[in-house]
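First comes the structure, then the notes that go with it.
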Amino acid sequence: PAVVRDIIAVLDHDFPTENEGSSTDSSTPHHWADFVSAMLPITKTQVGRDWMEFFTVMVWATVILIMFLAKLKAFQDVLIAVILGTIMLVANADFFFSHFRIYKIYIVLRKSLLKDVVGATALGFVCLGLHGMWPEARAPGVMLHLASLAAWLACGIQTNPMLSAGLWAGGRNQMTKAQLLLRILAQAAGFVIAFAAFGLYYSFRFPGKGPFEHFLGLESTCSAAITFVASVAHIRARDSQTAKMLEKTS
């Protein structure tokens with residue numbers, strides 16, 4: 292850079308030593324002035340962003356993205372659109388729900404709903420990742436529902452619509468229909484992101500094969516039913532214990 296060259300050029304000049312400090316050489320102030328001016332802060336033009344470089348990077352990134360999308364099949368384009376669209380809906384949920392009556396309920400449950408989305412996405416990725424490692428195994432599809440019951444018992448996070456439906460059906464004061472709807476929408480959004488992302492990955496790894504051939508089946512359906520029944524039974528047993536404790540205290 293020009294500033295570095297100026298500094299080096301100034302340093303190349305002969306500066307007076309300590310013994311020569313009292314000399315009246317007229318060139319000494321000039322050398323020091325050059326040195327000080329070279330060490331001054333960079334101008335505003337040099338400090339500011341190089342917008343031309345930024346624009347060039349964005350153009351090349353757009354070109355690469357277009358080339359990548361042009362190589363994809365129609366099904367893969369749809370999956371990418373689904374992933375981006377779902378993420379956009381989750382990020383702008385405040386705006387969309389503000390047009391409905393359940394907006395106040397959404398505001399109260401907003402943090403819990405975000406946890407449901409993240410939990411459902413993470414659980415879906417884990418189970419689908421296991422399915423990708425062992426495509427012929429049916430255990431990951433069973434695990435998807437049973438693990439959601441374990442996650443709720445351990446952390447209180449609802450990551451499965453069957454679990455939330457069971458809590459609503461079995462508990463007296465667990466949640467209203469509007470709350471159940473919001474929970475199911477959040478969980479569905481998480482599962483859509485996970486399943487679409489895995490489907491996109493699977494289409495590259497095994498072209499022409501179904502990504503969920505052994506993941507969704509009779510075993511997975513049975514585990515979903517077990518999750519629903521177990522959640523109903525558990526919440527009823529807990530409500531019964533709570534009622535007995537209240538009777539004893541009264």
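Residues 292 to 541 in this note's numbering are what the sequence shown lists, from first letter to last. Just so it is clear, CB atoms sit at the ideal spot from N, CA and C, and this is done for glycine as well. Remember, predicted model here, so these are calculated numbers, not experimental data.
DSSP places His436 inside the alpha helix (DSSP H), whose first and last residues are 430-446.
The beta-carbon distance between Ile475 and Ile374, rounded to whole angstroms, is 20 angstroms. This is too long to meet the 8 angstroms contact definition. For Met536, the enclosing alpha helix (DSSP H) has its first and last residue at 509-540. One thing to note: Ala411 has its Cβ no nearer than 9 angstroms to the Cβ of Leu421.
Residue environment analysis places Ala480 among the buried positions, since at least 16 neighbouring C-beta atoms fall within 10 angstroms of its C-beta. Taking all protein chains in view, the Cβ of His390 is surrounded by fewer than 16 other Cβ atoms within 10 Å, so the residue is classified as exposed. By the criterion of at least three beta-carbon pairs nearer than 8 angstroms, the segment 527-537 is not in contact with the segment 450-459. Taken through DSSP and simplified to helix, strand or coil, Thr412 comes out as helix.
Ile393 is positioned such that its CB atom lies closer than 9 angstroms to that of Leu472.
The three-state secondary structure of Gly462, taken from DSSP, is coil. Rounded to the nearest angstrom, the gap between the Cα atoms of Val381 and Thr347 is 31 angstroms. In the DSSP assignment, Ser389 falls outside any alpha helix (DSSP H) and carries neither an H nor an E. Here the alpha carbon of Val408 sits roughly 40 angstroms from the alpha carbon of Ser541.
In this structure, Ala521 lies near Leu440, with their beta-carbon atoms less than 9 angstroms apart. Shown here, Gln367 sits in a helix according to DSSP, grouped into three states.
Relative to the Cα of Ala430, the nearest Cα in the group Met343, Phe506, Ile371 belongs to Phe506. Nearest neighbour of Leu404 by Cα position, chosen from Glu344, Ile526, Thr450, Met434, turns out to be Thr450. Comparing alpha carbon positions, the residue from Ala372, Leu435, Met379, Arg401 closest to Phe519 is Leu435.
Here Leu414 really is in contact with Ala442; their C-beta atoms are around 7 angstroms apart, less than 8 angstroms.
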